[in-house]
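Just so we're aligned, residue 3 is where the first sequence starts under the working numbering, counting upward by one. Where a beta carbon is used, it is the ideal one built from N, C-alpha and C, also for glycine. Data first, discussion second: the structure below is written as structure tokens.
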Amino acid sequence: MLARRLRRSYSASVLVASWNVNSIRARQDLVENWLRDQRPDVVCLQETKVVDDDFPSEMFQRLGYALAVAGQRSYNGVAIASRSGLEDVEIGLWDERPGADRRLIAATVNGVRVFSTYVPNGKSVASPDFAVKLDFLERLRETLARKAAGVPVILCGDFNVALEPEDVYDPIKFEGQLHFHPDERVRLERLLELGLVDAFRIHEKGGGYYSWWDYRGASLRKNEGLRIDYVFLSRDLAERCVSVRIDAAARRLPRPSDHAPVIVQLSGPSAEALQATD
DNA sequence: ATGACTGACGATGTCAGA
């Protein structure tokens with residue numbers, strides 16, 4: 003507690019996390035323990051898999067988080083939790099239709115526009131779902147261009163795309179396959195051309211760092227994973243990004259999500275703007 | 001070997017995930 007007060011008082015640093023939890027209800031205790039341990043200021047969640055009325059809101063309230071949720075029955079679902087308040091919550095892409103999958107939510111945290119997104123998996127490159135995935139990435143780019151131009155942005159989520167060969171455990175095997183097909187990588191690169199930076203790559207250029215490992219077989223033990231969960235920062239915030247880590251330990255806990263959280267630490271004036279006022 | 005696990009829904013299986 004003292005250390006946290008000191009950090010908050012003197013180092014002006016905030017933690018922003020993104021985590022595909024693969025069902026917030028199945029993961030409620032694990033997430034609560036993780037939040038108590040890591041104390042992130044802002045958390046973007048994906049694959050909550052629950053309608054809004056059944057979201058475990060009390061747990062987040064108990065821990066001091068304001069909450070914005072966009073869920074649906076069985077599948078998908080995104081949320082943003084913040085210890086610094088949430089304003090101007092918006093659900094969906096800029097041209098969202100009623101009944102669409104719940105895959106995007108945005109909220110403003112002290113002047114920073116925060117997005118939590120769950121990009122469609124695509125099923126396989128040959129599937130019609132792959133075209134839906136490409137279309138979602140394009141419309142996500144349009145949404146950022148229209149709704150968040152010129153303001154500090156944190157775009158978090160499970161993008162279901164590995165950007166670089168270093169982001170897949172076997173780039174030769176994955177080339178042209180789902181999660182590492184040129185069409186989806188180009189779509190994501192175009193989105194980043196709006197002026198967004200992959201926070202993880204600010205400080206780490208090497209391979210072997212992943213955010214997802216298959217539940218099946220020995221994927222985790224052999225570190226055969228994919229880095230498909232990202233925190234993207236607008237340039238002003240990227241300049242204040244002190245550290246980024248993927249909390250692979252959370253993937254090794256009992257009954258884990260198949261995704262690990264990504265945690266970004268920001269310092270400086272923008273961080274102060276994001277900071278809790280407690 | 002389009003498999004292996006896991007969760008939701010709601011049933012003793014099917015779909016989706018990545």
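- Spanning the alpha carbons of Arg-187 and Val-163 requires a straight line of approximately 6 Å.
- The beta-carbon distance between Arg-141 and Leu-95, rounded to whole angstroms, is 5 Å. This is short enough to meet the 8 Å contact definition.
- For the pair of segments examined, the region 32 to 49 was found not to touch the region 123 to 141: the number of CB pairs separated by less than 8 Å stays below three.
- Comparing alpha-carbon positions, the option among Gly-101, Ala-102, Glu-191, Ser-118 lying closest to Ala-109 turns out to be Ser-118.
- Residues Pro-167, Glu-168, Asp-169 of the same chain have their beta carbon placed closer than 8 Å to that of Gly-209, with the five preceding and five following residues left out of the count.
- Within the same chain, and ignoring the five residues on either side of Val-155 in sequence, the residues whose Cβ sits closer than 6 Å to its Cβ are Arg-115, Ser-236.
- Note: Asp-160 is bridge-paired with Tyr-120, Asp-231 in the DSSP secondary-structure output.
- Ala-220 sits in coil when the DSSP states are folded into three classes, being neither helix nor strand.
- Taken atom to atom, the span from the alpha-carbon of Asp-54 to that of Ile-82 is near 13 Å.
- Assignment of beta-bridge partners to Trp-21 by DSSP yields Leu-47.
- Residue pairing by DSSP puts Gln-267 in a beta bridge opposite Leu-17, Ser-245.
- Closest in C-alpha terms to Arg-104, from the list Ile-93, Asn-112, Val-111, Gly-113, comes Ile-93.
- Per DSSP, reduced to three states, the secondary structure at Trp-215 is strand.
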